[in-house]
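Number of protein chains: 2
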Amino acid sequence: MNQKQLLRPVADAATLSAPLADFNTADAVEYLNTLALPQAADTLAALPLPRAVKLLEAPELQRAGDLVAALAPARAAALLGLMADDRATDIVHELDTAERARLIPLLAPEARQSIQLLLSYPPHTAGALMTTEFVGVPADWTVAQTLQHIREVERTRETVYAIYVLDPQTRQLQQVVTMRRLITGAAEDSILDVAQINPPVTVGPQLDQEEVAQLIRRHDLLAIPVVDEQQHMLGIVTVDDILDALIDESTEDVHKFGGVEALDKPYMQIGFFEMLRKRAGWLSVLFLGEMLTASAMQHYEDELARAVVLTLFIPLIMSSGGNSGSQATSLLIRSLALRELRLRDWWRVALRELPTGMVLGGILGLLAIVRITVWQLGGLHDYGEHWVLLALTIGAALIGIVTFGSLSGSMLPFILKRLGFDPASASAPFVATLVDVTGLVIYFSIAALILGGTLL
Amino acid sequence: MNQKQLLRPVADAATLSAPLADFNTADAVEYLNTLALPQAADTLAALPLPRAVKLLEAPELQRAGDLVAALAPARAAALLGLMADDRATDIVHELDTAERARLIPLLAPEARQSIQLLLSYPPHTAGALMTTEFVGVPADWTVAQTLQHIREVERTRETVYAIYVLDPQTRQLQQVVTMRRLITGAAEDSILDVAQINPPVTVGPQLDQEEVAQLIRRHDLLAIPVVDEQQHMLGIVTVDDILDALIDESTEDVHKFGGVEALDKPYMQIGFFEMLRKRAGWLSVLFLGEMLTASAMQHYEDELARAVVLTLFIPLIMSSGGNSGSQATSLLIRSLALRELRLRDWWRVALRELPTGMVLGGILGLLAIVRITVWQLGGLHDYGEHWVLLALTIGAALIGIVTFGSLSGSMLPFILKRLGFDPASASAPFVATLVDVTGLVIYFSIAALILGGTLL
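Respectively, the protein sequence lines represent chains A and B. Numbering follows numbering that gives the first Met the number 0, in which position 209 of the first sequence is assigned residue number 208; successive positions increment by one, without gaps. Numbering follows numbering that gives the first Met the number 0, in which position 336 of the second sequence is assigned residue number 335; successive positions increment by one, without gaps.
The following block contains the structure:
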């Protein structure tokens, strides 16, 4: 883009859309993402409708909601009506209430109905992910009739590779036929002759997307039907929607585990203040929690004054508790997400983490005792006349704290799940904070026990 | 399963396979997973070959390698030969060298060749994920010829929904035809008439699976062709293979971020000692690193003895550095994984993290100053006559440490990538350890500056 083009106030349609002529959809989307919003909206307005629809449907297009809001309402409604209804719904989700109220009445009745249905399901559920644009045929059709129907509707369906056979009277879902089986059938065969033998795997509209992904994976499907309680089909969730959802969800999970509110935009596109807000909240909450360590330390101020040597190991001991907790949490978050473990398995996990934590703590405790002994006997540092007792205190405290860290780190995801939260909301900093405060109390209690009468 | 069945030493084929008769593949796999290994292997041996193949191909089947190793070699080879070659390769990957040497010569030449090709690619690459069982047709065929060919080979191909059109002479990839476009073509049309207009999107066999996933997602594909440098097709990676790979990769990423070596089995199936090994390694390395905090503290022992009040805030200050570092790392790990940022963008990130860290540190510093003031004036704790200077020290240290934490947490993934490691290897505990040691030095330097001559 040269200087002259940037300066020209309004460009004509041909000039605006010219650079996109040679691009495939993915490249055109990337080009649009680089333009300023008004320019991108003008370009979108200048494109032929089907091309603009393709670009708006691409999950990589950024600011899709802003772009649609910047178009003339009639054009925006026309584009939304032509788009796959699940993607159109995503865009409507991004609009504010006033923009929605302005656009929705302009939509064709059919598109309006399906978008409003999809808007009604909570995010991250099968209902919110699904599309209503599937191929459904009555059970009394033949293979030839079905193929002819698919040829006619192909362009308006998200996938034609799974065909849903419905009861001709009740329209309940009876069977699923895959395209690969359909084309092996003879023209006059009944559609039921090429259907799968097993009853179809279905999900309800409220099911979480992670469970939908597990089912699609487990049964090796390209799409899964979403049905109501009477087995009437509401829509389908396709494998590419699930792929998008899973990539977004793993980003969200890593962000949450790192202790940030999930970001919905790429790093460099988030405004400075929005970025601050996403991070300052949790950071402040953790800080307030961690203030309890200062209170705990104040409580032991006399002991600290008498035995300054005890403070030398506070960071070492506390970080070990946090690290072992973070390990256990990361293991359990994934086991719960993959449904390897259920809520009721918590005690089996606790019974494993208890001895695991004790042995891990024992290993670290041994390392600490060796370190203190070597430094003391090697003359690198003088820990005082009671250095043997001190070494024992550090070793014992590490066993206690690592055990507590492993145990509480592994139980936290269960507790969150039990309270109705996503177990993946358990973050490493949160576990560390939890373990830090208790860790100090464990440390000073063990010190009082072992060093009472000598150093303390 | 009742007591009697468990006690009977050897059961006949009919009895063993009886419980599976009514199960679909996913349920049968779950049932097999619950059996002891010898019993599961006997059951697998008793099943008809096609059924056993289906179960072995399911990604949820656990101990697939052990099961195949426990079968009679001839049967094991027969099963591997009938399986999709990418899944068979996964199983061969799990076998030890002796078992591989025993089984591979028993395979049919075609299966042997493709499994050996797939074994030659590094894990997590397109080559390792791909299957060689795709539909390829010469460019001079008609729609009818292609459809007839698909009907014949359908059962032996992983997907028939993408058809690869090859140059009849050189066998180089020319075009891709989707099944949905194919069935809209007239029987006598050339296959090229229904092909996509854009040149096909292809990948090389060495490309990382995460980049393959991005391309599949970006271009909304069901499969992507893997080609050599002369555009000869080596195989295809299908969307369901990518789905499996992504789920495994997000588990691995969360584990790594939590500071555990990635586990390849569900939590409850990992032996006690294997679990210890996966955790003790990193935990000990971090512990040894964190020992530097003890050295740093020893260095400041005189200051600590003179001003015990300084120790009260050590856990608070250090954890804030670790938490802000963990936030920044989680943001950058995902941005690099999603290719939102490239290696060369490191300085743009550094320029953002610097002011972000300073403001975040300022917020926490303010909270700390408020807390000390309230406690002091409210009579909750006496921080001594120099409490104002102490509060300033804590506030300034927080700005320094949170800035350092954000900066080093965000640069770590870049450094790992630059060194050729996976940026996702940056773990929250590692960042915390890194920041802890430096944090102490920052804290004591600022304390010496502000409190020198009064408290110190």
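For each residue, glycine too, the CB sits at the ideal point set by N, CA and C. The model shown is predicted, which means the values in this text are computed figures rather than measured ones.
Beta-carbon proximity of residue i to residue j, cut-off 7 Å
i: Val358/A; j: Leu275/B; result: yes
i: Ala83/B; j: Glu56/B; result: yes
i: Gly404/A; j: Val434/A; result: yes
i: Val211/A; j: Val176/A; result: no
i: Gly438/A; j: Gly320/A; result: yes
i: Ala415/A; j: Ala425/A; result: This sequence places Leu at residue 415/A; Ala is not what is there. It is a contact, given that the beta carbons lie within the stated cut-off.
i: Leu406/A; j: Ile449/A; result: no
i: Thr292/A; j: Gly408/A; result: no
i: Phe256/B; j: Phe256/A; result: yes
i: Val52/B; j: Leu15/B; result: no
i: Leu66/B; j: Leu46/B; result: no
i: Asp220/B; j: Leu245/A; result: Residue 220/B is actually Leu in this sequence, not Asp. The answer is no: Cβ separation not under 7 Å.
i: Gly456/B; j: Val142/B; result: Any answer about residue 456/B is impossible in this case: the structure gives chain B only from 0 up to 455.
i: Glu302/B; j: Leu455/B; result: yes
i: Ile332/A; j: Ala395/A; result: no
i: Gly80/A; j: Leu118/A; result: no
i: Val164/A; j: Gln173/A; result: yes
i: Ala40/A; j: Leu31/A; result: no
i: Gln268/A; j: Gly258/B; result: no
i: Met317/A; j: Pro314/B; result: yes
i: Val193/A; j: His218/A; result: no
8 Å contact criterion, which residue i and residue j should meet: CB distance rounded
i: Leu282/A; j: Ser323/B; result: 6 Å
i: Gln208/A; j: Ala125/A; result: 7 Å
i: Ile182/A; j: Arg150/B; result: 6 Å
i: Leu191/A; j: Ala138/A; result: 6 Å
i: Thr402/A; j: Gly364/A; result: Rounded, the Cβ-Cβ distance is 11 Å, inconsistent with contact.
i: Leu330/A; j: Pro428/A; result: Incorrect: roughly 17 Å between the Cβ atoms, too far for contact.
i: Val238/A; j: Leu242/B; result: 7 Å
i: Thr453/B; j: Leu388/B; result: 6 Å
Listed by chain order, chain A residues near residue i by CB distance under 8 Å
i: Ser323/B; result: Arg278 and Leu282
i: Glu339/B; result: Pro265, Tyr266 and Met267
Nearest neighbour of residue i, chosen from the options [CA to CA]
i: Glu157/B; options: Ala87/B, Tyr120/B and Gln112/B; result: Ala87/B
i: Tyr266/B; options: Leu31/A, Ala69/A and Val348/A; result: Val348/A
i: Val136/B; options: Val253/B, Thr169/B, Ile114/B and Thr33/B; result: Thr169/B
i: Ala69/A; options: Ser329/A, Glu187/A, Arg154/A and Asp95/A; result: Asp95/A
i: Glu251/B; options: Ala71/B, Gly451/B, Leu54/B and Ala423/B; result: Ala423/B
i: Glu98/A; options: Ile241/A, Leu366/A, Phe22/A and Pro72/A; result: Pro72/A
i: Val225/B; options: Val202/B, Arg62/B and Asp239/B; result: Val202/B
i: Arg341/A; options: Leu315/A, Gly383/A, Phe413/A and Glu29/A; result: Phe413/A
i: Thr131/A; options: Leu389/A, Gly234/A and Leu388/A; result: Gly234/A
i: Leu146/B; options: Pro104/B, Ser113/B, Ala107/B and Ser189/B; result: Ser189/B
i: His123/A; options: Pro198/A, Ala20/A, Asp421/A and Ala447/A; result: Asp421/A
i: Leu350/B; options: Pro18/A, Phe271/A and Glu187/A; result: Phe271/A
i: Pro167/B; options: His231/B, Ile114/B, Asp85/B and Arg343/B; result: His231/B
i: Arg343/A; options: Leu376/A, Met410/A and Ala306/A; result: Met410/A
Contact list for residue i against chain A, beta-carbon separation under 9 Å
i: Ser319/B; result: Leu282, Leu285, Phe286 and Glu289
Contact set between residue i and chain A, taken where Cβ atoms lie within less than 7 Å
i: Gly258/B; result: Asn322, Ser325 and Gln326
i: His218/B; result: Ala25
i: Arg150/B; result: Ile182 and Thr183
Under 8 Å by beta carbon: chain B residues contacting residue i
i: Arg343/A; result: The contacting residues do not exist; Arg343/A stays about 13 Å from chain B at best.
i: His380/A; result: Gln297
i: Ile368/A; result: Chain B residues near Ile368/A: none, gap ~12 Å exceeds 8 Å.
Chain B residues whose Cβ lies nearer than 7 Å to that of residue i
i: Thr432/A; result: Ser318
i: Ala477/A; result: Absent from the structure is residue 477/A, since the part of chain A shown begins at 0 and ends at 455.
i: Val226/A; result: Chain B residues near Val226/A: none, gap ~18 Å exceeds 7 Å.
i: Glu59/A; result: Arg217
i: Met274/A; result: Thr355
i: Ala304/A; result: Val307
Any non-hydrogen atom of the ligand MG closer than 6 Å to residue i Cβ
i: Ala69/B; result: The ligand MG is not part of the structure shown, which contains no ligands of any sort.
Chain-ordered chain B contacts of residue i [CB-CB under 9 Å]
i: Asp243/A; result: Arg216
Check: At a Cβ cut of 8 Å, what residues of the segment 113-130 of chain B count as close to chain A, listed as they run along the chain?
Finding: none
Note to self: Give me the subset of the segment 21-43 of chain B whose CB atoms are less than 7 Å from a CB atom of chain A, sorted by chain position.
What the structure shows: Asn23 and Ala25
Note to self: To be precise: take each residue of the segment 156-180 of chain A, compare its Cβ to all Cβ atoms of chain B, and keep it if any distance is under 9 Å. Which residues remain?
What the structure shows: Arg156, Thr158, Val159, Tyr160, Met178, Arg179 and Arg180
Check: Using a Cβ cut-off of 7 Å, which residues of the segment 400-431 of chain B contact any Cβ in chain A, in chain order?
Finding: Ala427, Pro428 and Ala431
Note to self: Short of 9 Å Cβ to Cβ, which residues in the segment 61-91 of chain B face chain A?
What the structure shows: none
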